[in-house]
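Its first residue numbered 279, the sequence shown is counted upward by one per residue in our numbering.
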Amino acid sequence: MTTTDPPAVSSPVTLTEAWRLKTMHGSDAVYTAGGTILQLQREKGEDIPFHIVSLSAIPNLDKVDYLVRNGERELSIGAMTKLQECASHPLIQAKWPVLSEAASRIASPAVRNQAVIGGNVGYGIGDLVPALLVLGAKVVWFHGGKEMVEPLRSFIRSPKPKNMILVSFRLPDEERICFYRKVGRREGFIPSVVTVAGGIEIDSDQNVKKVRIAVGGGGYQPRRLERTELFLRDHAIRRDRWEDVAKIIEEEYHPAPTPFASEEYCRQVVVNIVAFEMERLRNELWTGGI
Ligand SMILES: Cc1cc2nc3c(=O)[nH]c(=O)nc-3n(C[C@H](O)[C@H](O)[C@H](O)COP(=O)(O)OP(=O)(O)OC[C@H]3O[C@@H](n4cnc5c(N)ncnc54)[C@H](O)[C@@H]3O)c2cc1C
């Protein structure tokens with residue numbers, strides 16, 4: 279093969295066949311969903327693997343289902359569900375608005391009509407990941423004939439086999455109010471510098487009962503800010519605690535600086551958003567706005 283040869287594209291119709299093809303060709307093969315990352319790589323003149331294994335012909339990977347599993351209600355979103363569907367699906371908008379908001383802020387309508395949720399997570403630094411982390415998402419993934427289920431939080435931390443296939447994402451139906459903010463160099467159609475998502479539940483004494491905060495953006499691999507969460511838990515949301523929150527965020531969040539944003543800038547943005555949004559959510563809960 280020469281670098282000018284066109285890639286060989288396979289369109290298997292089962293997970294097993296897709297997995298077998300990728301296993302057979304190893305690093306010479308790549309899975310593709312919406313294909314927008316390959317598009318970016320091609321535009322940059324980067325080499326792309328010779329074998330492209332498209333997942334688009336596998337049935338039922340684009341289903342959105344609201345169901346009861348082990349007595350708990352949850353939403354199951356197939357990995358091949360388009361970003362546009364995540365942004366505009368009435369049930370997602372009504373019950374998981376933070377996911378619609380995150381999806382609607384990615385790229386342009388043309389990209390959102392092509393790219394899918396599994397591709398955004400498979401990308402590793404996708405803007406949906408902080409929202410999914412805050413929603414307590416689980417990942418269903420396929421490897422060697424078996425489907426595994428794992429919290430997204432641990433899934434992204436531990437290395438996975440290169441030939442595993444993302445199948446779906448499960449979102450618990452929780453009584454939690456959330457926010458999502460994407461900060462870029464302009465309002466729309468721009469890569470993120472910082473993305474922050476958060477969600478809280480507050481008890482009758484107005485203390486934080488449950489909290490999740492996740493950050494991503496730029497080239498930073500999204501993650502939860504677990505020490506910050508611990509500090510906020512079991513306390514009221516009060517203005518005089520933000521200085522301490524800023525110190526904890528400084529210790530646990532280390533974004534890589536870019537030509538457009540220093541590490542210090544990204545951190546200050548995260549602190550400001552967390553403080554502003556937590557106070558806003560608390561006020562909305564107390565005044566019964568939500
Ligand atoms: C103009 C433009 C603007 C963009 N703006 C943004 C933005 O604002 N925010 C953002 O997050 N991203 C952005 N992107 C990057 C990218 O388009 C998105 O992250 C998109 O969601 C990727 O989805 P896809 O379906 O195209 O994935 P693909 O390109 O098909 O795949 C992405 C990666 O995931 C792997 N993969 C895909 N599906 C699976 C699966 N089921 N199992 C295992 N691995 C899988 C692929 O092998 C590949 O490594 C942009 C891209 C372009 C071209």
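Even glycine gets a Cβ: it sits at the ideal position worked out from N, Cα and C.
Query	Result
The stretch 322-330 / the stretch 350-359 touching (three or more Cβ pairs under 8 Å)	no
Expected contact under 8 Å - CB spacing of residue 311 and residue 394 to nearest Å	5 Å
Given residue 376 as reference, the closest of 477, 485 and 528 once Cα atoms are compared	477
Through-space distance from residue 453 to residue 513, alpha-carbon basis	19 Å
When 421, 447 and 458 are compared against residue 590, the one with the closest alpha-carbon	Only positions 279 to 568 of the chain appear in the structure, and residue 590 is not among them; the question remains open.
Rounded straight-line distance, which links the Cα of residue 458 to that of residue 371	13 Å
Classification of residue 447 by the beta-carbon crowding that lies within 10 angstroms, buried from 16 upward	buried
Candidates 294, 364 and 431, of which the one nearest residue 500 by Cα	431
Cβ-based burial, residue 408 [other Cβ within 10 Å; buried from 16]	buried
Element boundaries [alpha helix (DSSP H), containing residue 298]	293-303
Secondary structure of residue 397, DSSP reduced to three states	helix
Own chain, CB closer than 6 Å to residue 473, minus 5 neighbours either side, in chain order	405, 408, 460, 494 and 495
Backbone secondary structure at residue 419 - three-state DSSP	strand
Secondary structure of residue 378, DSSP reduced to three states	helix
For residue 343, the three-state DSSP class (helix, strand or coil)	strand
Contact test: residue 543 Cβ vs ligand 1 heavy atom, cutoff 7 Å	no
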